[in-house]
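Q: Take this structure first; my questions come after.
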Amino acid sequence: MKAFAFERPRDAEAAVALVANRPGAAFLGGGTNLVDHMKLGIASPELLVDVTRLPFDTVEELDGRVVRIGAAVRNSDLSAHPLIRERYPVLSEALVAGASGQLRNLATTAGNLLQRTRCVYFQDRTTPCNKRAPGSGCSAIGGYSRELAILGASEHCIATHPSDMAVAMAVLEAVVQVQGPDGSRSIPIGELHRLPGDEPERDTTLAHGELITAVDLPPVAGVSAYRKVRDRASFAFALVSVAALLDVADGKVADVRIALGGVAHKPWRAETAEAHLRGGPISEDAFRAAAEAELEAAAPIGEEAFKVPLARNTIVAVLRDLSERS
Amino acid sequence: MIYRAPTCAGCRIGVAALVVEATITLTVDGEERTATVDTRVTLLDLLREHLAQASAKKGCDHGQCGSCTVLLNGRRVTTCLAFAVQHDGAEITTAAGVGSAEAPHPVQRAFLDHDGFQCGYCTPGQICSAVGMLAELEAGWPSHVTTDVASAPARTREEIRERMSGNLCRCGAYVNIVAAIEQAAER
Numbered sequence: 001m002k003a004f005a006f007e008r009p010r011d012a013e014a015a016v017a018l019v020a021n022r023p024g025a026a027f028l029g030g031g032t033n034l035v036d037h038m039k040l041g042i043a044s045p046e047l048l049v050d051v052t053r054l055p056f057d058t059v060e061e062l063d064g065r066v067v068r069i070g071a072a073v074r075n076s077d078l079s080a081h082p083l084i085r086e087r088y089p090v091l092s093e094a095l096v097a098g099a100s101g102q103l104r105n106l107a108t109t110a111g112n113l114l115q116r117t118r119c120v121y122f123q124d125r126t127t128p129c130n131k132r133a134p135g136s137g138c139s140a141i142g143g144y145s146r147e148l149a150i151l152g153a154s155e156h157c158i159a160t161h162p163s164d165m166a167v168a169m170a171v172l173e174a175v176v177q178v179q180g181p182d183g184s185r186s187i188p189i190g191e192l193h194r195l196p197g198d199e200p201e202r203d204t205t206l207a208h209g210e211l212i213t214a215v216d217l218p219p220v221a222g223v224s225a226y227r228k229v230r231d232r233a234s235f236a237f238a239l240v241s242v243a244a245l246l247d248v249a250d251g252k253v254a255d256v257r258i259a260l261g262g263v264a265h266k267p268w269r270a271e272t273a274e275a276h277l278r279g280g281p282i283s284e285d286a287f288r289a290a291a292e293a294e295l296e297a298a299a300p301i302g303e304e305a306f307k308v309p310l311a312r313n314t315i316v317a318v319l320r321d322l323s324e325r326s
Numbered sequence: 327m328i329y330r331a332p333t334c335a336g337c338r339i340g341v342a343a344l345v346v347e348a349t350i351t352l353t354v355d356g357e358e359r360t361a362t363v364d365t366r367v368t369l370l371d372l373l374r375e376h377l378a379q380a381s382a383k384k385g386c387d388h389g390q391c392g393s394c395t396v397l398l399n400g401r402r403v404t405t406c407l408a409f410a411v412q413h414d415g416a417e418i419t420t421a422a423g424v425g426s427a428e429a430p431h432p433v434q435r436a437f438l439d440h441d442g443f444q445c446g447y448c449t450p451g452q453i454c455s456a457v458g459m460l461a462e463l464e465a466g467w468p469s470h471v472t473t474d475v476a477s478a479p480a481r482t483r484e485e486i487r488e489r490m491s492g493n494l495c496r497c498g499a500y501v502n503i504v505a506a507i508e509q510a511a512e513r
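Chains A and B are the protein sequences, given in the same order. The first sequence lines up with residues 1 to 326 when you count with this note's numbering. The second sequence lines up with residues 327 to 513 when you count with this note's numbering.
As structure tokens, then:
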């Protein structure tokens, strides 16, 4: 590991200035992903700027029933917060489906959003990887790929985003608050992460030095749930996960939102399936047809092909469960 | 923060890398400890290599096995993925500090009663994780197997198993570990 300097600034402005002015600087949250990357030699910041003691460690209700989650709130505290458990159970369920108890006690909200793919080639610096070393090639295409993308991939990268939390935030239409050297801005969660295209080294639309300070959750109606399918019952990344929210009125779908995890370079909002269902009947046939319409765009190229029927069946199962609770 | 270029009398090639050190003060098992270490030192290595407190064990060193678990300000964490410099001022309790030979913690007593170990390497992490986990359960935190995350979780075997999934035991003493934690939870 390369030597690094360490700073703990007093406020967000100072933190942003420290990182924005140095290409080799990085923000440090809980460290559960970045410290591992430094050990693996795939990240080597020259300056770490600790942002865990900035005053972004609370969950509070703002005007208009918006719930603001501070960027430094630990995953465990967020999953256990009464406002989240009662109003956004899908988020609490997604959080406790991720990592282990020890890691959730360290990992932060912003760090969870910014964690990087668990593609084995990205984490192994002896192999080509366009995300880690742009232009070196993609070892996963034609290689070990059962955990990788079936939607929105490119010829340069088939990595998946590993977060459970971000998938729940996608259906909740969260808004990410960001502070940068030129001021602050709000980013809809769907525009935070990007598809790989020809720049797979860029996971998000954030500029260097931009700091996530909070995530806002607008009020929602209906019932919601998160379901995660993985190789073992606990402490594993998703093969496929589904977050969904269903609001039923007069026996029809008044509103539905679906997001998929483990299938793309970003939490995948299933807008095609949603459009199929909105205003329509509540039935297993309708759920299946909507899921199949969404997955028409799926383009698996290797061993990840099993995820297409798995995603379809998981979407149907989650919608069935939600409709029975509506 | 101390910045210095390392000197290397025997080296023919110049040492270009900068070494950055920080002085850290922590409370470890009730005792205040201070050390000046490289910023690259993890909490785990600080405990084991610099403070001679080897209760927390190094297993995978990547946050996957749980053998390095301690209580950090009362909460269970893996110390291999935490730089010591980030936790200046923290209060750490290792398995050696949760109880003593004369007065073991109920979780330690239960591990003895149920043979909750074989080789023992993962045991300090299991003990700290169980102590932290029971406090989380007591506080009503939901888990992946909690039927309704809005309600308080029950103290079931299924809950214990799920909540301990971050601690591996390669001997496979899981059955007795769960039985031990069930006994401790009843107290």
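Even for Gly, the Cβ is constructed at its ideal location relative to N, Cα and C.
1. Reducing DSSP to helix, strand and coil, say where Pro281 of chain A ends up.
2. Which of helix, strand or coil does DSSP assign to Thr405 of chain B?
3. What are the boundary residues of the beta strand (DSSP E) that includes Ala214 of chain A?
4. Between which two residues does the alpha helix (DSSP H) carrying Pro432 of chain B extend?
5. Identify whether Ile141 of chain A lies in helix, strand or coil by the three-state DSSP scheme.
6. For chain A, is any of its Cβ atoms less than 7 Å away from the one on His470 of chain B?
7. Is the beta carbon of His156 of chain A less than 7 Å from the beta carbon of Lys266 of chain A?
8. Determine whether the Cβ of Glu484 of chain B lies closer than 7 Å to any Cβ atom of chain A.
9. Which residues in chain B sit within 7 Å of Ala89 of chain A, going by Cβ to Cβ distance?
10. Tell me, please, whether the CB atom of Ser491 of chain B is closer than 7 Å to any CB atom in chain A?
11. Shorter than 7 Å from the beta carbon of Met1 of chain A to some beta carbon of chain B?
12. Could you give the residue range of the alpha helix (DSSP H) that holds Ile350 of chain B?
13. Rounded C-beta distance between Val73 of chain A and Thr109 of chain A? I'm assuming under 8 Å.
14. Where do the N-terminal and C-terminal ends of the beta strand (DSSP E) with Tyr121 of chain A fall, by residue?
15. Less than 8 Å between the CB atoms is what I'm expecting for Ala26 of chain A and Leu34 of chain A, so what's the real figure, rounded?
16. Ser154 of chain A by DSSP, collapsed to three states: which one?
17. CA-CA distance, Glu86 of chain A and Asp57 of chain A?
18. Could you check if Thr126 of chain A is buried or exposed, using at least 16 other CB atoms within 10 Å of its CB as the buried criterion?
19. Would you tell me roughly how many angstroms separate the C-alpha atoms of Leu28 of chain A and Val51 of chain A, rounded to the nearest one?
20. Looking at the unbroken alpha helix (DSSP H) that takes in Gly458 of chain B, where does it start and where does it end?
21. Quick one: list the residues of chain A neighbouring Asp387 of chain B, beta-carbon separation under 8 Å, in chain order.
22. Since I believe Val263 of chain A is in contact with Ile150 of chain A (beta carbons under 8 Å), could you give me their beta-carbon distance rounded to a whole number of angstroms?
A: The answer reads as follows:
1. strand
2. helix
3. 211-217
4. 432-439
5. coil
6. yes
7. no
8. no
9. A small correction: the amino acid at residue 89 of chain A is Pro; Ala does not occupy that position in the sequence shown. In chain order: Val475, Ala476.
10. yes
11. yes
12. Where Ile350 of chain B is concerned, there is no enclosing alpha helix (DSSP H), although the beta strand (DSSP E) it sits in stretches over 345-354.
13. 5 Å
14. Here Tyr121 of chain A belongs to no beta strand (DSSP E), and DSSP marks it neither H nor E.
15. 7 Å
16. strand
17. 20 Å
18. exposed
19. 6 Å
20. 449-464
21. Lys39
22. 5 Å
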